[in-house]
Every structure is written in structure tokens, then in C-alpha cells.
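The sequence shown maps to residues 372 to 660 in my numbering. Idealized CB from N, CA, C, for every residue including glycine.
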Amino acid sequence: MLALLLGAYLGLALPVSAQLVEGSPLVEETQLVSQLVEESPEEPPVVHTAVVEVATQPPGALVAVDRRVLGQTPVRLELTAGKHLLRVSGGSDYKPYAEELQLKAGTVERRSLQLLLVPPAQLRRGLEAARSGDPARAEELLRAASHGKPRQAMAYWWLGHLYRRQGRWSEALASLRHYADFSPDRPDLYLYLGDLHERLGSLDEAVTAYKLAALNSPGCEHVLHGAPPATWHEIRKLGSPQDPAGKIRLAYLNELKGRMAPALELLRSALLQMHGPWDIRDPLSEVRS
372 MLALLLGAYL
382 GLALPVSAQL
392 VEGSPLVEET
402 QLVSQLVEES
412 PEEPPVVHTA
422 VVEVATQPPG
432 ALVAVDRRVL
442 GQTPVRLELT
452 AGKHLLRVSG
462 GSDYKPYAEE
472 LQLKAGTVER
482 RSLQLLLVPP
492 AQLRRGLEAA
502 RSGDPARAEE
512 LLRAASHGKP
522 RQAMAYWWLG
532 HLYRRQGRWS
542 EALASLRHYA
552 DFSPDRPDLY
562 LYLGDLHERL
572 GSLDEAVTAY
582 KLAALNSPGC
592 EHVLHGAPPA
602 TWHEIRKLGS
612 PQDPAGKIRL
622 AYLNELKGRM
632 APALELLRSA
642 LLQMHGPWDI
652 RDPLSEVRS
């Protein structure tokens, strides 16, 4: 009987010996099967995908899954369930983001990412902020660059001058001293250090800084070689020199004698001849865009 029912359901011709008679049990069972087939609800489709939504600040970052770029943020992706490698790139200014996803069928995964600047970009944008009149943003970016990996030594230099602009003498001094660890032979660095020590009332330190500025200036590297002993006779003998080298030697002898005020005056005079008025100079305003 099952064969007959299947044959009827599949539309197969019945043999003559199996002709159906209205009202027979076979006809009734055939009609019941047809009714059950027609009334059986369709099974819901099996879901094998998951959704991943990615947003970034700033927007427009490239999104790649399993090494294939699939769009830019904000983006909504439909992926097969299972393991995937998500990568987000905001360009050379930002650190790339990577995450291994384990997606379950029928779920939605959301990622809202704040892209982080790399240290060189922090340095560059910090300078831009300083030039555009946003000192708070400039300080934030330059401080981040000074502690980044790789550390941006120039961030200490620009932080020092940002603080000088604001009259924050102690912070400017600390930043420029940090910079000296990376560029100990830069004469203009010691000019600014000397000026800051003067503003803070540390004359001994100012003399030391100005002396280093002088000895690191072109043509003066060996000016103290063979210097005479620090005696009053030698000090009087030097008289009142007019050239930078003579002033530096006389300042050195006065320093050894503990006479910091005349030593400071002589060094300032010599450095002014060689470098011009540094105390009113603002290197931040001289940076080209």
C-alpha cells in the first residue's frame, strides 16, 4: 500500500490492477497524505552567518576581514560563523587595530574604536595645534609624543617653548633639560636654558648654561684651552675684551673667582654677538607649515 501511496504522491501511473475506486480505503489514505503534505509548515532556514558592525573615530578607516578589504567605517558586514581576523586601519597617522573574532551564527558583534595616533603624528599635530592657537591640545599631543614608542625627542624641545610662551618657566626648564639628554651639543638649547635659569633666579646655573652655549658655538669649541690661571693679575691683564672669545675667557676667570654677576654679563654679551637676542625669540612661530 505504501508503494501505491508514494506513486500517487509522486504522480506515477498505477497499474490497472491498482485502479482506485471512490470511497475505497486506498483513496481515503491517499487524500489524507496529500492533505498532510499541503498543510505541513515549512521549516525555518538554518542561519550560518553573523553580523559585525564597526565604527571608528575618526570615520573612514579601512576594514579588512581575513586579509580582504570589505569597506570603510562605519560599516556593517555579514560574515560566516566561525573564526575571523578583523583589521582596521586609519592610515599612516594611526596605530592599526587587530582582533580575532569568534562569531556565533545569528549574533551581532559591534566595535566602536577610537583610533590612536602614532608618536610622529602626535608630534606633527601638536605643532599644528600650537601654531593654530590651541595650546591645551598642543600640550596634550606633545606630551604623548614625548612618552611614545618610539619616543619623539623633539617633543621635549617644542614643549619647552610652548611653556615659555605661557610663562611656565619651571616646566619649560624641565622639558628642555629632558631634550638635552638627546641633543647635548646644541648651542641654542643652552641659550634658552640660561635664560630660564635667570628668570628663576639661579645665576650659577645660568652661567653654566651660557658657558655651554658658548663652548658649543662654531669657532669657540677650544676657546678655553690654555686659559690662564684664575688670578686677579690675569683678570686685570685681560682688560675689557670686545671679541666674543676674549669675553668668554674673562667670564671663565670671573666664574672661577666666584664672581657670577660679571661672568654672567660677559657671557651674555659674547653670546649676543654670536647669536642675537634669543630671550625674545619664539621658535614655535618660526616653524614652517
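Leaving aside the five residues that flank Ser460 on each side, the residues in its chain whose CB is nearer than 7 Å to its CB run, in chain order, Ala432, Leu433, Pro467. DSSP, reduced to helix, strand and coil, places His455 within a strand of the structure shown. If you ignore the 5 residues before and after Glu542, its C-beta comes within less than 7 Å of the C-beta of Tyr534, all in its own chain and listed in chain order. Beta-carbon to beta-carbon, His568 and Ala580 are separated by about 6 Å, close enough to satisfy the 8 Å threshold. Going by DSSP, Val578 is part of no beta strand (DSSP E) but of the alpha helix (DSSP H) stretching over 574 to 586.
In this structure, DSSP gives Ala601 a state outside helix and strand, which the three-state scheme calls coil. With 16 or more other Cβ atoms from the protein chains shown falling within 10 Å of its own Cβ, Arg496 counts as buried.
Around the beta-carbon of Asp566, 16 or more other beta-carbon atoms lie within 10 Å, marking it buried. CA-CA distance, Leu571 to Lys520, rounds to 33 Å. Of the residues Gln537, Arg539, Arg536, Trp529, the one whose Cα lies closest to the Cα of His549 is Trp529. Contact annotation: Leu621 and Leu637 have beta-carbon atoms nearer than 8 Å. Residue range 468 to 474 is occupied by the beta strand (DSSP E) that includes Leu472, with no alpha helix (DSSP H) assigned at that position. Note: Thr420 is bridge-paired with Thr451 in the DSSP secondary-structure output. Looking at the DSSP output, Leu595 bridges to nothing. Looking at Pro558, Ala577, Val423, the one whose alpha-carbon comes closest to that of Gly477 is Val423.
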